[in-house]
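Reading through the structure tokens given below for one structure.
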Amino acid sequence: MSYFMVDIESDGPIPGDFSMICFGAVLVNEELETTFYGKLKPVSEKFNSDALAVSGFSREETMGFDDPEEVMLGFEEWIKENSKGRPIFISDNNGFDWMFICWYFHHFIKRNPFGYSSRRLSDLYCGLEKDTFAQWKHLRKTKHTHHPVDDARGNAEVLLHMKKEMGLEIDLK
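Here the numbering used here is used: position 7 in the sequence shown is 24, and no number is missing along the way.
Rendered as structure tokens:
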């Protein structure tokens with residue numbers, strides 16, 4: 018199995034009505050150098066200015082981004098090239114990130130290389146700490162910038178910390 022830490026930025030709360038603006042993924046291994054970054058043209062006329070502002074892009078800029086189908090096909094190929102066995106999707110907030118990635122995969126290419134499930138980093142940490150309110154974001158080394166590759170890398174650093182320092186049994190071969 019290979020773990021892929023994913024982070025997305027969007028211009029609203031749900032896919033379809035709103036758009037995923039960009040996303041990043043990092044193959045979780047010791048180096049954290051194998052990354053993917055996609056910027057996607059909006060799929061809807063609707064957008065929330067405050068949500069869009071988080072990404073750092075203007076609506077005009079996003080209109081020049083790449084075709085979502087091409088980006089998702091490229092992401093699928095990157096996953097296949099970098100996965101040993103079944104790819105596992107993991108993110109900080111998989112309820113949000115997974116919702117967009119899964120919708121975009123199924124909407125544009127009719128399949129999702131991750132299958133039908135995902136993992137949430139925070140839940141793993143809380144389980145190891147035996148505290149449902151345990152805080153983990155201080156363990157990131159890479160600054161949280163809202164650039165999705167930076168944010169995915171920082172979250173992957175936490176997963177590696179959990180493996181090395183906290184005894185999380187996870188095979189990262």
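The C-beta atom is built at its ideal place from N, Cα and C for all residues, glycine as well.
Status (buried if at least 16 other CB within 10 Å, exposed otherwise) for residue i
i, result
"Arg128", "exposed"
"Pro30", "exposed"
"Glu26", "buried"
"Asn65", "exposed"
"Thr149", "exposed"
"Gly144", "exposed"
"Ala151", "exposed"
"Ser108", "buried"
"Asp24", "buried"
"Gly41", "buried"
"Ala173", "buried"
"Asp28", "buried"
"Gly102", "exposed"
"Gly91", "exposed"
Residue i (DSSP reduced to helix, strand or coil)
i, result
"Lys56", "strand"
"Ala68", "helix"
"Glu182", "helix"
"Arg136", "strand"
"Asp167", "helix"
"Ala42", "strand"
"Glu47", "coil"
"Glu26", "strand"
Integer-rounded CB distance, given that residue j should sit under 8 angstroms from residue i
i, j, result
"Leu12", "Leu185", "The structure shown does not extend to residue 12, since the chain is modelled only from 18 to 190, so the question has no answer here."
"Ala169", "Met22", "4 angstroms"
"Ser72", "Cys39", "6 angstroms"
"Met183", "Ile105", "That belief does not hold up - the Cβ atoms of Met183 and Ile105 are roughly 18 angstroms apart, past 8 angstroms."
"Val166", "Tyr20", "Contact flag wrong, Cβ pair sits at about 16 angstroms."
List in chain order: all unbroken beta strand (DSSP E) runs of 3+ residues lying wholly within the region 79 to 129.
104 to 108
Specify whether the region 158 to 169 and the region 130 to 137 touch according to this definition: at least 3 beta carbon pairs, one from each stretch, less than 8 angstroms apart.
no
Report yes or no: do three or more beta-carbon pairs, one from the region 50 to 59 and one from the region 82 to 95, lie closer than 8 angstroms?
yes
Any contact between the region 169 to 179 and the region 38 to 58? By contact I mean 3 or more CB pairs, one from each, below 8 angstroms.
yes
Using a Cβ distance threshold of 8 angstroms, determine whether the region 133 to 145 contacts the region 108 to 115, with at least three qualifying pairs required.
yes
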